[in-house]
Amino acid sequence: MNYKKMDEKDIAFLRDVCGEDRVILGKDIPEDYCHDEMEGQSAAPEVMVFVLNATEVSLILYYANQKKIPVTPRGQGTGLVGGAVPIYGGILMNLSKMNRILELDEENFTLTVEPGVLIMDIYDFVEAHDLYYPPNPGEKSASIGGNVATNAGGMSAVKYGVTRDYVRGLEIVTPEGDILEIGGKIAKNSSGYSLVQLVTGSEGTLAVITKIILRLLPKPKVQQSLLVPFQSLSEAIQTVPKIIKTKVIPRSIEFMTQDMLQSSEQYLGRRFPDHTGNAYLLLAFDGNSREEVEKDSDQLAELCLREGAIDAFIIDTDERNEAVWKPRSSYLEIIKASTTDMDECDVVVPISQIADYLEFARKIEEEVGFRVRSMGHAGDGNLHIYACRDNMDETVWKEKLDEFFTKMYTRAGEIGGKVSGEHGIGIAKRRYQQKLEGEDIMRLMSRIKLAFDPNGILNPGKVI
Amino acid sequence: MNIIVCIKQVPGTTQVEIDEKTGVMKRDTGSAKMNPYDLYAIETALRIKEELIDVQTTAITMGPPQSEAVLREAYMLGIDHGILLTDRKFGGADCLATAYTLSQAILKIGLPDLIICGKQTTDGDTAQVGSELAEFLELPHIACVLKINSLTNRSLEGVMDLGDFTQTVELPFPCLITVDKEIYEPRLPSYRKKIATRDRPIQTLSFSELPDQNPVHYGLDGSATRVMRVFPPVHHKQNQIFEGTPDTLASEISKILIKMKVL
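Sequences listed follow chains A and B, in order. Under the numbering used here, think of the first position of the first sequence as 1, with each following residue one higher. Under the numbering used here, think of the first position of the second sequence as 1001, with each following residue one higher.
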């Protein structure tokens, strides 16, 4: 794709729209804005512009579309697949200052926000009103715009689903500059194609999101977790389909391994409260009464004991939650700190296939020769499998990494899995996505992209 | 060897609402928990039990009947016996009256070799009950213990936190210690133990069973202090925004952390 190099006229236009202070040029753009949390992928935009409203977004996109200047939207830059990296230069459209909570509608159970609001601020705001926004990604400093753009998942998906399930409506700006309201504060909608669902998870390639209407739930009054130690990871994982069959639906079913907990103790400087298991399931429950939650928790504790669990520990206070959930939610930082370089496979497979797939990963570890560590959402089949370089030579590492990903994704495809459960495709997983989805599906996706963005100016080089 | 651990039920969250007019804490009985510092006391008792032979552990709590929940939790952690000290006459006790009531209960059941308390509770925050209890029982004691260096059937050697320095002290049994968070990582309540102890009885003690039958020594009458007013502290939150290059910002943050004595 040939894009126009930006010149003085283009910069003058941006300054005209946003004012001098919000247009940052060349060397004045901090390096932090040239990458996201994915390692090894960095590119500088020609201009970074902080936008404040949909009109500014519209004017800039209309202009960029006319001039064929690439535009990359960016929130907090916490993505893991290079989705916000401006690989073709052009304009980096920074939406982080569009961070107002616009309206809480307690009659319709919706919250209307701008895309730059952090999800941790959403939690604080709605919970103060006894309401609940269930999606629970690990990175709480992410912006909601980024969460919607990647259809972020997280640790509450077993019971509550993912970000997609909580997006009721959007205000978007198309690459041609049209400001559109799609969806709304409505619970049901069979009115034609669901553009809301299409834009959600499109990673900034179809439109720029400027307003989000989120669906809320009443806040569950009681929460409790169970930490269940097992002798082996396979024993733990094989218990998961049996848990699902009971029809008790925990909010989360996560798995962790002892070596991960040892790394977490070093990283967090705090001892984990149990060391009896080589692998753990971590189950979370919520509900409106202590009795209801305890009944579910006890039922699954019994099941786990029957399936060979060493014990089931009850996590029922803030202090215990902190001690047990902190290592789980900090694992990405923990694994990063444990090695020289790493990359991640955010694969999703059918729940019934998790045990076999993890065993497959273990065998691949022997073949590729670097350290492979796994953890993740056992209850929804979304696994995080980390390749850790440690002391491996860089050239060998890159070759072996490609071999590793190719084998892992090929296997995932064979058993009905997909490339990404929650991080998205970005730049990092495009090649594997194309291979796994096949030509016909990728062609259809390209046509959808073309319908929204005929000149291909919006976040080029991502997803398709 | 016998060990008694003193524990207390406290509100389950730090976000406690207080009625400013009446000064009464709005207690939601559904969100109560064991005082977090008491978990360190229980853990200390259980570690001693694992180290020495023939150790019996008893948890005692004073409070309304629903405080039984923390004794059940103590069972789930591995404590052998539970005693609930409950009577309307104990209501309104300050730390002095609480310590006195506990001392009477301990005299009633028999002085153990070691009494362990958490350093403080998270609702009262006075950190006085442990030491006052030791005084009533005329026991040697050390507070804010960070570490137990050594332990025999006759004595223990503990390290006390005295703010800017620590002091290592050997205490002969019987004695009392209050423990701080650094001592051990508390274990988690076990479902297996919950099932195994479901029918284990909890002993109840009331005023009529205590050696001192003078009611003015208990509850509000036995308290040396009166709460004049209880109110949530006003939170002053001031944000300061710094702008500049990463190097300038790092330098600014470093100066602030040094000023705050974090570094």
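Ideal placement from N, C-alpha and C gives every residue a C-beta, glycine not left out.
Note on geometry: alpha-carbon atoms of lysine 1237 (chain B) and aspartate 121 (chain A) lie some 16 angstroms from one another. Chain-ordered, the chain A residues with CB closer than 7 angstroms to the CB of glutamate 1185 (chain B) read Arg271 and Pro273. Contacts between phenylalanine 50 (chain A) and chain B, judged by CB atoms closer than 7 angstroms, are missing: the closest CB pair is about 13 angstroms apart.
When A:Val126, A:His129 and A:Tyr160 are compared, the shortest CA-CA separation from proline 135 (chain A) is found for A:Tyr160.
DSSP, reduced to helix, strand and coil, places alanine 1143 (chain B) within a strand of the structure shown. Cβ-Cβ distances below 7 angstroms link serine 1031 (chain B) to Pro1011, Gly1012 and Thr1013 in the same chain, with the five nearest sequence neighbours on each side left out; the list follows chain order.
Residue pairing for isoleucine 314 (chain A): DSSP places it in a beta bridge opposite A:Leu226. Contact note: leucine 1162 (chain B) does not reach chain A at a C-beta cutoff of 9 angstroms; the least C-beta distance is about 24 angstroms.
Under the 8 angstroms Cβ criterion, the stretch 89 to 96 of chain A counts as touching the stretch 65 to 74 of chain A, having at least three qualifying pairs.
Taking one beta carbon from each stretch, the stretch 436 to 451 of chain A and the stretch 172 to 186 of chain A have fewer than 3 pairs nearer than 8 angstroms; the two do not touch.
Secondary structure at valine 71 (chain A): strand, using DSSP grouped into helix, strand and coil. Under the DSSP assignment, cysteine 1095 (chain B) falls in the alpha helix (DSSP H) whose first and last residues are 1095 to 1109. Taking 9 angstroms as the Cβ-Cβ cut-off, the stretch 1186 to 1220 of chain B approaches chain A at Pro1186, Arg1187, Leu1188, Pro1189, Ser1190, Tyr1191, Arg1192, Lys1193, Lys1194 and Ile1195, given in chain order. At a cut-off of 8 angstroms, the C-beta of glycine 1012 (chain B) has a neighbouring C-beta in chain A. Taking a beta-carbon distance threshold of 8 angstroms, lysine 1033 (chain B) counts as an interface residue toward chain A. Membership of leucine 170 (chain A) in the beta strand (DSSP E) is indicated by the continuous run 167 to 173. Taking one beta carbon from each stretch, the stretch 380 to 390 of chain A and the stretch 338 to 357 of chain A have 3 or more pairs nearer than 8 angstroms; the two touch. The beta carbon of asparagine 99 (chain A) lies closer than 7 angstroms to those of Glu114, Gly116 and Val117 in the same chain, with the five residues before and after it left out. Residue burial annotation: isoleucine 1142 (chain B) is buried, with at least 16 other C-beta atoms found within 10 angstroms of its C-beta. With a contact defined as Cβ atoms closer than 8 angstroms, threonine 1126 (chain B) and cysteine 1175 (chain B) miss out at about 21 angstroms.
In the three-state reduction of the DSSP assignment, threonine 276 (chain A) falls in the coil class. Rounded to whole angstroms, the Cβ separation of lysine 68 (chain A) and asparagine 455 (chain A) is 6 angstroms, and the two are in contact under 8 angstroms. Residue state for histidine 1217 (chain B) is assigned as helix, using DSSP reduced to three classes.
Excluding the 5 residues flanking it on each side, glutamate 333 (chain A) has same chain C-beta neighbours closer than 8 angstroms at Tyr267, in chain order. Using a Cβ-Cβ cut-off of 7 angstroms, proline 1232 (chain B) is close to nothing in chain A; its nearest Cβ partner there is about 15 angstroms away. With the criterion set as a beta carbon lying under 9 angstroms from some beta carbon of chain A, the members of the stretch 1035 to 1064 of chain B are Pro1036 and Leu1039, in sequence order. Within the same chain, Ser1254 and Leu1257 come within 8 angstroms of leucine 1263 (chain B) by CB-CB distance, once the 5 residues on both sides are set aside. With contacts defined by Cβ atoms closer than 8 angstroms, leucine 282 (chain A) and cysteine 304 (chain A) do not form a contacting pair.
Membership of lysine 221 (chain A) in any alpha helix (DSSP H) is not indicated, and neither H nor E is assigned to it by DSSP. Separation of leucine 1052 (chain B) and tyrosine 33 (chain A) (C-alpha to C-alpha, rounded to the nearest whole angstrom) is 59 angstroms.
Glutamate 46 (chain A) counts as buried, since no fewer than 16 other beta carbons sit within 10 angstroms of its beta carbon. Per the DSSP secondary-structure output, serine 374 (chain A) pairs in a beta bridge with A:Ile385. In the structure shown, methionine 1228 (chain B) falls within a coil segment according to DSSP collapsed to helix, strand and coil. Bounds of the alpha helix (DSSP H) holding proline 1246 (chain B) are 1246 to 1259. Of all alpha-carbon atoms in A:Pro273, A:Asp311, A:Leu198 and A:Gly308, the one lying nearest the alpha-carbon of glutamate 322 (chain A) is that of A:Pro273.
Scanning the stretch 408 to 447 of chain A from its first residue to its last, the whole alpha helix (DSSP H) runs of 4-plus residues come out as 430 to 437.
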